[in-house]
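Enquirer:
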Ligand SMILES: [Fe+2]
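Numbering (our numbering), first residue to last: 3 to 714.
Shown next as structure tokens:
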């Protein structure tokens with residue numbers, strides 16, 4: 003037996019075991035019959051048999067995080083006889099484990115599968131799939147779900163699947179039923195019963211189809227800032243281009259007094275750069291409509307509906323118009339990276355690495371508006387720092403992602419930066435020549451999530467002070483362990499804040515939205531003002547060296563910030579500049595990338611007094627001291643600026659990483675490799691508070707604040 007055959011056999015055994023595990027956990031007895039009819043051993047370890055949210059722990063339920071996921075991924079790829087399509091060993095797309103091109107169809111007489119109901123009114127309704135007559139049933143039988151209904155299983159991946167043995171009768175009697183929740187993916191569904199989970203699946207029966215009553219039902223509704231005060235962008239998806247899609251809004255649900263037309267776009271299969279995006283993962287994405295609500299009054303609660311006369315309109319949604327840009331405003335942020343998505347109906351039970359995403363999304367939704375104070379969403383912004391859906395070429399995963407976040411993204415602006423799993427593809431212009439996007443190469447990301455375009459700042463204003471000017475001062479990082487100080491801070495936050503900031507005579511330095519002539523260009527970096535904060539968002543997947551277009555933008559933008567108007571500057575991107583990681587792979591490893599980031603960008607952050615930098619990619623929560631050139635910079639005696647603080651917030655849902663150094667770097671003040679969650683920021687003119695929230699119980703795992711006195 004050569005080593006390859008040995009690896010394949012080992013992988014098969016692992017999959018067989020995993021398959022049995024999924025089924026055994028369902029019958030609640032810890033035992034059952036395998037394919038040969040022999041009694042199997044009870045389970046010895048915790049596995050995901052049900053996706054009940056209440057049963058999920060904060061960390062992924064795959065045992066040890068990080069490394070365990072790497073093994074899980076590797077053995078699936080070994081099973082398929084292929085190498086990974088991406089270089090991130092920690093997470094896989096749940097549909098990548100299916101050997102699509104090995105699937106054959108050999109319908110078996112007497113086997114029936116059906117689904118009910120066959121017509122659905124709304125996205126997200128449930129159906130029951132029933133089957134009977136399976137001879138020699140086994141734990142390897144599975145139910146695959148296809149859109150469109152006439153998709154060829156040997157050419158197109160299912161949009162999801164469940165093991166048939168989720169029903170306890172299957173292995174004994176060859177019959178059973180399971181439930182699925184179906185999103186409106188703009189075409190009919192069909193379910194097929196398949197033998198042989200593993201290398202050579204065979205379709206043995208096909209169901210009736212399930213249709214939606216209206217394929218132009220608006221879905222995937224999400225908001226974003228435009229960069230202009232009093233505006234809010236909304237984007238949604240339908241099957242067709244429509245006639246005249248628009249958004250209408252007003253102060254009361256159903257009583258809309260204003261409207262604005264939408265621009266419409268989509269992307270085609272041929273625009274994809276390769277991989278599953280261009281082949282087995284392709285499902286027509288529909289059309290994306292985006293419209294801007296304008297003339298909005300700060301603080302008002304706006305009700306809106308999107309749609310198209312003669313097609314469909316959405317139910318009313320609402321949001322609070324963000325506070326004025328300026329130091330007088332108080333805002334909150336929920337920030338994270340690497341959220342991913344998961345199916346709430348328990349589908350895809352052979353690859354469960356992103357279930358924690360559901361808990362984080364639910365916790366964020368609750369944080370945004372479901373707690374006691376209905377105005378909590380006022381002044382709230384979500385920032386998702388790259389690795390958005392992990393669709394990686396499988397269109398349907400974008401549908402699942404937007405369904406997961408819509409409850410919050412349709413009510414507060416959802417701002418994003420691009421990650422390797424949206425952008426990277428060899429020869430496509432990405433900085434890293436890897437296949438992490440599954441062939442999407444940034445097209446899907448750019449069309450689905452319109453962000454402010456890179457603005458071209460005006461020439462430096464006379465009010466822009468030189469970095470060495472003494473008027474830039476008074477910044478101090480306080481210890482996060484100072485709970486009494488933190489209470490004072492919270493008390494302060496509840497007060498009406500007055501500052502000694504002088505705005506009189508200020509020449510506004512607007513970032514101006516000087517849109518690039520080539521709208522839609524591959525330039526996913528931008529800046530935007532929000533309350534007292536100037537956000538700068540970069541793409542770590544594009545060239546950022548001095549002389550690059552991105553570097554020029556970042557330098558000009560940072561140099562142009564009017565700190566009297568936005569006293570805080572927060573910088574964000576996907577791959578971290580400071581990270582505790584053992585990933586030393588050449589070029590795209592965490593540490594080589596961090597070194598390049600420091601080489602080209604750290605001086606900018608230091609020179610222009612960036613207060614906070616937030617990154618994703620590494621699936622941990624990490625907080626540094628105020629750091630510069632790998633050294634903690636102690637607070638100055640006069641409280642003036644010392645150095646930026648960095649947060650790695652890649653722990654939202656797509657697994658956790660434990661590949662950290664044996665000896666923690668001195669610049670790390672807090673490190674958590676096990677908890678999924680997100681970061682909550684609270685910012686007013688003088689205080690920036692941060693909290694790391696665990697996603698299971700909402701517990702605060704790390705917190706602290708940065709203060710400053712404004713003397714400029
Ligand atoms: Fe990443």
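No residue lacks a Cβ here, since even glycine has one placed at the ideal position from N, Cα and C.
Here's the rule: buried if 16 or more other CB atoms are within 10 angstroms of the residue's CB, otherwise exposed. What is residue 601?
Expert: Indexing the chain shown from 1 puts residue 601 at position 599. So residue 601 ends up on the exposed side.
Enquirer: Is there at least one non-hydrogen atom of ligand 1 closer than 7 Å to the beta-carbon of residue 440?
Expert: For the purposes of this step, residue 440 is identified with residue 438 of the chain shown, where counting begins at 1. For ligand 1, not one heavy atom lies less than 7 Å from the Cβ of residue 440.
Enquirer: Consult DSSP for residue 546 and reduce its assignment to one of helix, strand or coil.
Expert: As a position in the chain shown, residue 546 is number 544, starting the count at 1. In the structure shown, residue 546 sits in coil (DSSP, three-state: anything other than H, G, I, E or B).
Enquirer: Out of curiosity, what's the CA-to-CA distance linking residue 664 and residue 583?
Expert: The count along the chain shown starts at 1 and reaches residue 664 at position 662. The count along the chain shown starts at 1 and reaches residue 583 at position 581. Cα to Cα, residue 664 sits roughly 10 Å from residue 583.
Enquirer: Note the first and the last residue of the continuous beta strand (DSSP E) segment covering residue 626.
Expert: Working through the chain shown from its first residue, we reach residue 626 at position 624. Counting along the chain, the beta strand (DSSP E) containing residue 626 begins and ends at 623–630.
Enquirer: For the alpha helix (DSSP H) containing residue 352, name the first residue and the last one.
Expert: Taking the first residue of the chain shown as position 1, residue 352 is located at position 350. Looking at the DSSP string, residue 352 is not in any alpha helix (DSSP H), and its letter there is neither H nor E.
Enquirer: Please classify residue 218: does DSSP put it in a helix, a strand, or coil?
Expert: Taking the first residue of the chain shown as 1, we reach residue 218 at position 216. Correct three-state label for residue 218: coil.
Enquirer: What distance in whole Å lies between the Cβ atoms of residue 385 and residue 414, which are believed to be in contact at a cut-off of 8 Å?
Expert: The residue given as residue 414 occupies position 412 in the chain shown. The residue given as residue 385 occupies position 383 in the chain shown. Wrong, their Cβ atoms sit about 11 Å apart, outside the cutoff.
Enquirer: Apart from the five residues on each side of it in sequence, which residues of its chain come closer than 6 Å, Cβ to Cβ, to residue 526?
Expert: Locating residue 526 in the chain shown gives position 524, where the first residue counts as 1. Counting only Cβ-Cβ distances below 6 Å, and skipping sequence neighbours, we find 420 and 541.
Enquirer: If you run the structure through DSSP and keep just helix, strand and coil, what is residue 2?
Expert: Only positions 3 to 714 of the chain appear in the structure, and residue 2 is not among them; the question remains open.
Enquirer: Residue 673 bridges to which residues according to DSSP?
Expert: Numbered from 1 along the chain shown, position 671 holds the residue referred to as residue 673. DSSP lists 624 as partners of residue 673.
Enquirer: Quick check on the contact list: which residues have their beta carbon closer than 5 Å to a heavy atom of ligand 1?
Expert: Listed along the chain, these residues meet the criterion: 389, 421, 422 and 619.
Enquirer: Taking 8 Å as the threshold (C-beta atoms), are residue 443 and residue 634 in contact?
Expert: Locating residue 634 in the chain shown gives position 632, counting from the first residue. Locating residue 443 in the chain shown gives position 441, counting from the first residue. No, Cβ-Cβ distance for residue 634 and residue 443 is not below 8 Å.
Enquirer: Hey, quick one: how far does the beta strand (DSSP E) through residue 448 stretch, first residue to last?
Expert: To locate residue 448, count along the chain shown from 1; it is residue 446. That residue, residue 448, is in no beta strand (DSSP E); its alpha helix (DSSP H) goes 445–450.
Enquirer: Hey, residue 606 and residue 560: beta-carbon distance below 8 Å or not?
Expert: Within the chain shown, the letter at position 604 stands for residue 606. Within the chain shown, the letter at position 558 stands for residue 560. Their beta carbons are under 8 Å apart, which means residue 606 touches residue 560 by this criterion.
Enquirer: How would you call residue 360, buried or exposed, if buried means at least 16 neighbouring beta carbons within 10 angstroms?
Expert: Locating residue 360 in the chain shown gives position 358, counting from the first residue. Buried: at least 16 other Cβ atoms inside 10 Å.
Enquirer: Buried or exposed, going by whether 16 or more other CB atoms sit within 10 Å of the CB of residue 461?
Expert: In the chain shown, the residue the question calls residue 461 occupies position 459. Note that residue 461 scores 35 on pLDDT, short of 50, meaning its location in the model is unreliable; the coordinates nonetheless yield the value given after this. Per the 10 Å Cβ criterion, exposed.
Enquirer: In whole angstroms, what separates the C-alpha of residue 297 from that of residue 259?
Expert: For the purposes of this step, residue 297 is taken as the residue at position 295 of the chain shown. For the purposes of this step, residue 259 is taken as the residue at position 257 of the chain shown. Between residue 297 and residue 259, the C-alpha separation is close to 12 Å.
Enquirer: With a CB to CB cut of under 6 Å and the five nearest residues on each side skipped, what residues in its chain are close to residue 337?
Expert: Mapped onto the chain shown, residue 337 falls at position 335. So the list reads 385, 616, 651 and 681, once near-sequence residues are dropped.
Enquirer: Just to confirm before moving on: does the CB-CB distance between residue 400 and residue 412 stay below 8 Å?
Expert: Position 398 of the chain shown holds residue 400. Position 410 of the chain shown holds residue 412. In this structure, residue 412 does not lie closer than 8 Å to residue 400 by Cβ.
Enquirer: Rounded to the nearest angstrom, what separates residue 674 and residue 125 at their Cα positions?
Expert: Along the chain shown, read from residue 1 onward, the residue named residue 674 stands at position 672. Along the chain shown, read from residue 1 onward, the residue named residue 125 stands at position 123. In a straight line, the C-alpha of residue 674 is about 37 Å away from that of residue 125.
Enquirer: Three or more C-beta pairs closer than 8 Å, one from the segment 142–149 and one from the segment 187–195: is that the case here?
Expert: Touching, yes, given that three or more Cβ pairs across the two stretches are closer than 8 Å.
Enquirer: In the DSSP assignment, find the unbroken alpha helix (DSSP H) run with residue 197 in it and report its ends.
Expert: Walking along the chain shown from the start, residue 197 turns up at place 195. Looking at the DSSP string, residue 197 is not in any alpha helix (DSSP H); the run it does join, the beta strand (DSSP E), is 191–197.
Enquirer: Are there three or more Cβ pairs, one per stretch, closer than 8 Å when the segment 422–432 is compared with the segment 272–291?
Expert: Flag = yes, the segment 422–432 and the segment 272–291 touch.
Enquirer: Given that a residue counts as buried once 16 or more other Cβ atoms are within 10 Å of its Cβ, and exposed if not, what is residue 563?
Expert: If you number the chain shown from 1, residue 563 lands on position 561. Counting Cβ neighbours within 10 Å, residue 563 comes out buried, since at least 16 surround it.
Enquirer: Name the one or two DSSP bridge partners that residue 596 has.
Expert: Indexing the chain shown from 1 puts residue 596 at position 594. Beta-bridge pairing links residue 596 to no other residue.
Enquirer: Taking the continuous beta strand (DSSP E) assigned at residue 682, which residues delimit it?
Expert: Position 680 of the chain shown, counting from 1, holds the residue named residue 682. It spans 679–685 - the beta strand (DSSP E) in which residue 682 sits, taken as one unbroken run.
Enquirer: Name the DSSP bridge partner or partners of residue 207?
Expert: Taking the first residue of the chain shown as 1, we reach residue 207 at position 205. Paired residue(s): 195.
Enquirer: Among 239, 532 and 398, which residue has its Cα nearest to the Cα of residue 158?
Expert: As a working note, residue 158 is residue 156 in the chain shown. Residue 398 is the option with its Cα nearest to residue 158.
Enquirer: Identify every residue that forms a DSSP beta bridge with residue 226.
Expert: The residue given as residue 226 occupies position 224 in the chain shown. Residue 226 is bridged to 235.
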